[in-house]
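Reviewing the structure listed below.
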Amino acid sequence: MRQHIEIPRSDDATALRKAANEHLFVGMSSRAQLEQEGGPLVLTGSQGIYVKDIDGREYIDGISGMYFRNIGHGREEVARAVYEQLSNVSMNVYASATPPTIQLAAKLAQMAPGDLNRTFFVQGGSEANETSLKMAQAYHMRRGDTGRYKVISRRGSYHGNTYGTIWLGGHPSFPRTDYQPVPPNVVHVPQPYFYQCEFGSATPAECAEKSANAVEEAILFHGPESVSAFIGEPVSQPYGMIVPPDGYWQRIREICDKYGVLLIFDEVITGFGRLGTWFGADFVGVTPDIISFAKGVTSGYFPVGGSIASEEVADVFTETPFSHMFTYSSHPAGAAAALANLEVVESENLVENARVRGEQLERRLLDMKEMHPIVGDVRGAGLLRSIEFVKDRETKERFDASMKVSDSLTKGMIDRGLWIRSYAFHIPIAPPLIVTADEIDQIADKIDGALTDTEKGLGIV
Ligand code: PLP
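Structural data, given as structure tokens:
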């Protein structure tokens, strides 16, 4: 017999929140936390850089959903492209392709750096990284390098939440204690995070050199014949938008080439304009062997991700197929969404807007650093920015988690109508790439206000 469960009406805020607490897992929020907060934010409208909740409150979407809403909310041209595709061919059949998917693959080959020419499509970032890792291992296997199965990743990176990706990197707000043991193929090395460099480096160049040397040492320690790939985000989000010091990626490329290790760029956040360049690879001036992408390719209007392989990697799958697939790979509606989305990015010059508005935001953040003693560092590139807050600027000591500083900052921003959730020791800031100069000032004013409230609460000012 079925349980008697009421389906809430879509305009009944109280019933929706109650049903959410009872029946829905909301990402990275516990039921106790949601009950305390009165339930999740229930969105019923969105336009441009704004989202509106069921009670009519409006917020600026300060992190583009989760770093994906690059062209902003409510873009009818993308919705229409999805509708038209679904009304025509709603999905391919086994071992077939559709025109938009082929067009998107060609478009990506046109845009990607170097000879990265062939794409395997999936549904999101974790699957893209799974795909890239499998591609890398299969590449070695088919060349007779059958022992290469280890993957080197950096502490403080994030590459997804499937079993195959969760232990790569190490995100400060994603505890992995429930998911033991650490897979035997995962090797961790330091993040080139100059502000809190693991090596205590005196200069960015020293931090870059020591962090890159640690990769070579790890390869030698494990044996080059056992290492398949190095994976990293060109600019890494979890520790607060770590832009590696100059020369780091060039040195990593050299090391990978020296030992026959493939270089995978996880461009799930950095791809498609966020840094003020089309790809993070363009931003750092290094071409990887494989790019994983997702988020910005459709701005989240349809779940699409993928892996773009260089000619050399793709060639090993010429005679026998890449033994890998998902039911919904190459979804034509996803490809239609991506083509319409990229058309907006190009026609509205959003990559350049990300660069210019990013510089404006950086100036405002640097002003905040002058004014607020808890601001230890501001960093990032394009419209991927961060404030790292510290208890003591001299020693860079962080606040104890029990002081709930990130909760106070989050409340200060949300109360002012800016939807950004601070976590661990930083405030992430990544508005849609359509943001205007006036909106950047509004975002900055709200963050400034939240910092003032928090400092007052701490008895600092
Ligand atoms: N890689 C990076 C750099 C990400 O930021 C994310 C998600 O935030 C992922 C991979 C995982 O993507 P998804 O959540 O679509 O699986």
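Take the sequence shown: its letters are residues 802 to 1262, numbered as in the working numbering.
Even for Gly, the Cβ is constructed at its ideal location relative to N, Cα and C.
Note that the structure is predicted; figures quoted are calculated from it, not measured.
State the start and end residues of the unbroken beta strand (DSSP E) segment that holds Ala1182. Here residue 1182 refers to the residue found at position 381 when the sequence shown is read from its first residue. Here the beta strand (DSSP E) through Ala1182 covers Val1176 to Ala1182.
By the DSSP assignment, the beta strand (DSSP E) with Tyr964 in it spans what residues? For the purposes of this step, residue 964 is taken as residue 163 along the sequence shown, with counting starting at 1. Unbroken run through Tyr964: none, as it is neither H nor E.
For the putative contact between Ala913 and Phe1080, defined by C-beta atoms under 8 Å, what is the C-beta separation to the nearest angstrom?
As a working mapping, residue 913 is identified with position 112 in the sequence shown. As a working mapping, residue 1080 is identified with position 279 in the sequence shown. Right, the Cβ-Cβ distance comes to about 7 Å (below 8 Å), so this counts as a contact.
State the Cα-Cα distance for the pair Arg1217 and Thr899, rounded to the nearest angstrom. In the sequence shown, the residue the question calls residue 1217 occupies position 416. In the sequence shown, the residue the question calls residue 899 occupies position 98. Distance between the alpha carbons of Arg1217 and Thr899 is about 46 Å.
Chain-order list of residues whose beta-carbon lies under 6 Å from that of Glu1026 (same chain, five-residue window excluded) | Reading the sequence shown from its first residue, position 225 is the one you call residue 1026. Result list for Glu1026: Gly948, in chain order.
- [ ] Give me the Cβ distance between Asn822 and Glu836, rounded to the nearest whole Å; I'm assuming they're in contact under 8 Å.
- [x] What you label residue 822 is simply residue 21 of the sequence shown in a count that begins at 1. What you label residue 836 is simply residue 35 of the sequence shown in a count that begins at 1. With 8 Å as the limit, Asn822 and Glu836 qualify as a contact, their Cβ atoms being about 6 Å apart.
Supposed contact pair Ile855 and Val843 - C-beta distance, whole angstroms, cut 8 Å: Numbered from 1 along the sequence shown, position 42 holds the residue referred to as residue 843. Numbered from 1 along the sequence shown, position 54 holds the residue referred to as residue 855. Going by Cβ atoms, the distance from Val843 to Ile855 rounds to 4 Å, so yes, they are a contact pair.
**Prompt:** How big is the Cα-Cα spacing for Ala1115 and Gly1260?
**Reply:** Against the sequence shown, residue 1115 aligns to sequence position 314. Against the sequence shown, residue 1260 aligns to sequence position 459. Going by the C-alpha atoms only, they are around 59 Å apart.
Quick check on DSSP: helix, strand or coil for Asn871?
In the sequence shown, residue 871 corresponds to position 70, counting from 1. Residue state, collapsed to three classes: coil.
**Report entry** Top-ranked residue by Cα proximity to Asp1168, from Ile1091, Gly925 and Asp1242
**Finding:** In the sequence shown, the residue the question calls residue 1168 occupies position 367. Among Ile1091, Gly925 and Asp1242, the Cα nearest to that of Asp1168 belongs to Asp1242.
Provide the residue(s) that pair with Gly846 in DSSP beta bridges, ordered along the chain. In the sequence shown, residue 846 corresponds to position 45, counting from 1. According to DSSP, Gly846 bridges with Lys853.
- Message: Using 8 Å for Cβ pairs, my map puts Gln886 next to Tyr1129. What's the rounded Cβ distance?
- Response: Position 85 of the sequence shown, counting from 1, holds the residue named residue 886. Position 328 of the sequence shown, counting from 1, holds the residue named residue 1129. The Cβ separation is near 14 Å, so there is no contact.
Q | Same chain only: Cβ atoms within 8 Å of Glu1068, ignoring 5 sequence neighbours per side | A | Position 267 of the sequence shown, counted from the start, is the residue given in the question as residue 1068. Answer for Glu1068: Glu1034, Pro1035, Phe1080, Gly1081, Ala1082, Ile1092, Ser1093 and Phe1094, listed in chain order.
Count the other CB atoms within 10 Å of the CB of Gly1086; is the residue buried (16 or more) or exposed (fewer)? For the purposes of this step, residue 1086 is taken as the residue at position 285 of the sequence shown. Exposed, by the Cβ-count rule.
Between the Cα of Ser1148 and those of Gly1213, Ser1131 and Leu1234, spot the shortest distance and give me the residue it belongs to. The residue given as residue 1148 occupies position 347 in the sequence shown. When only C-alpha atoms are compared, the closest one is Leu1234.
| field | Helix, strand or coil at Trp1220 according to DSSP, with G and I counted as helix | value | In the sequence shown, the residue the question calls residue 1220 occupies position 419. Three-state result, Trp1220: strand.
DSSP-derived helix/strand/coil call for Tyr895:
On the sequence shown, residue 895 is found 94 positions in, with the first residue counted as 1. DSSP places Tyr895 in coil when its eight states are reduced to three.
Checklist entry - Looking only at DSSP bridge pairs, what is Val1028 linked to? => result Position 227 of the sequence shown holds residue 1028. DSSP, once it has assigned bridges, lists Lys951 as partnering Val1028.
_Sequence-distant residues of the same chain with beta carbon closer than 8 Å to Val827, five excluded per side_ = On the sequence shown, position 26 is the one that residue 827 refers to. Hits under 8 Å: Ala821, Leu835 and Pro841.
Open item on the list: I'd like to confirm something about Glu989: is its beta-carbon nearer than 7 Å to some heavy atom of the ligand PLP, or not?
Closed with: For the purposes of this step, residue 989 is taken as residue 188 along the sequence shown, with counting starting at 1. For clarity, residue 989 is His in the given sequence; the question names Glu instead. Result no, Cβ not under 7 Å from the ligand PLP.
- Compute the Euclidean distance between the alpha carbons of Val988 and Val952, then round it to the nearest angstrom. The residue labelled residue 988 in the question sits at position 187 within the sequence shown. The residue labelled residue 952 in the question sits at position 151 within the sequence shown. Taking the straight line from one Cα to the other gives about 6 Å.
field: Among Ile1020, Gly1107 and Ser1037, the one whose alpha carbon lies nearest that of Met936
entry: One-based indexing of the sequence shown puts residue 936 at position 135. Nearest neighbour of Met936 by Cα position, chosen from Ile1020, Gly1107 and Ser1037, turns out to be Gly1107.
In the DSSP assignment, the beta strand (DSSP E) including Thr920 goes from what residue to what residue? On the sequence shown, residue 920 is found 119 positions in, with the first residue counted as 1. It spans Leu917 to Val923 - the beta strand (DSSP E) in which Thr920 sits, taken as one unbroken run.
Item to complete: Going by CA-CA distance only, name the one from Pro1039, Glu1017, Phe1022 and Thr1099 that's closest to Lys1059.
Response: Residue mapping note: residue 1059 aligns to position 258 of the sequence shown, counting from 1. Nearest option by C-alpha distance: Glu1017.
Exercise. Starting from Val1157 and walking both ways along the alpha helix (DSSP H), at which residues does that stretch end?
Worked result: In the sequence shown, counting from the first residue as 1, residue 1157 sits at position 356. Its alpha helix (DSSP H) spans residues Leu1151 to Met1172.
Practice task
List in chain order: all unbroken beta strand (DSSP E) runs of 3+ residues lying wholly within the segment 999–1072.
Solution key: 1028–1033 and 1063–1067
Fill in: Proximal residues to Tyr996 (C-beta, below 8 Å), its chain only, five neighbours per side dropped
Counted from its first residue, the sequence shown places residue 996 at position 195. Excluding residues within five positions, the ones whose Cβ falls inside 8 Å are Gly1177, Asp1178, Arg1180, Glu1189 and Lys1197.
Paired residues, beta bridge with Ala1110 - DSSP: The residue given as residue 1110 occupies position 309 in the sequence shown. Partner(s): Arg919 and Ile1091.
Practice task
Consider the C-beta atom of His960 and the heavy atoms of the ligand PLP; say whether any pair is separated by less than 7 Å.
Solution key: Taking the first residue of the sequence shown as position 1, residue 960 is located at position 159. Indeed, a heavy atom of the ligand PLP lies less than 7 Å from the Cβ.
Give the straight-line distance between the Cα atoms of Leu905 and Lys1192, rounded to the nearest whole angstrom. Position 104 of the sequence shown, counted from the start, is the residue given in the question as residue 905. Position 391 of the sequence shown, counted from the start, is the residue given in the question as residue 1192. Straight-line Cα distance between these residues: approximately 48 Å.
>> At the level of alpha carbons, what is the spacing between Ala1019 and Pro973?
In response: Here the question's residue 1019 lines up with position 218 in the sequence shown. Here the question's residue 973 lines up with position 172 in the sequence shown. When rounded, the distance between both Cα atoms is 23 Å.
Any idea if Leu969 is buried or exposed, counting beta-carbon neighbours within 10 angstroms, 16 or more meaning buried? For the purposes of this step, residue 969 is taken as residue 168 along the sequence shown, with counting starting at 1. That one is buried.
Extent of the continuous beta strand (DSSP E) to which Tyr860 belongs = Here the question's residue 860 lines up with position 59 in the sequence shown. Per DSSP, Tyr860 belongs to the beta strand (DSSP E) from Glu859 to Asp862.
Reduced DSSP category for Asp1193 - H, G, I as helix; E, B as strand; rest coil: Numbered from its first residue, the sequence shown carries residue 1193 at position 392. In the structure shown, Asp1193 sits in a strand (DSSP, three-state: E or B).
Chain-order list of residues whose beta-carbon lies under 6 Å from that of Ala1245 (same chain, five-residue window excluded):
Start at 1 with the first residue of the sequence shown, and residue 1245 comes out as number 444. Here the set comprises Arg1165.
Review point. For the segment 1096–1111 against the segment 863–871, are there 3 or more C-beta pairs whose distance is under 8 Å?
Key: yes
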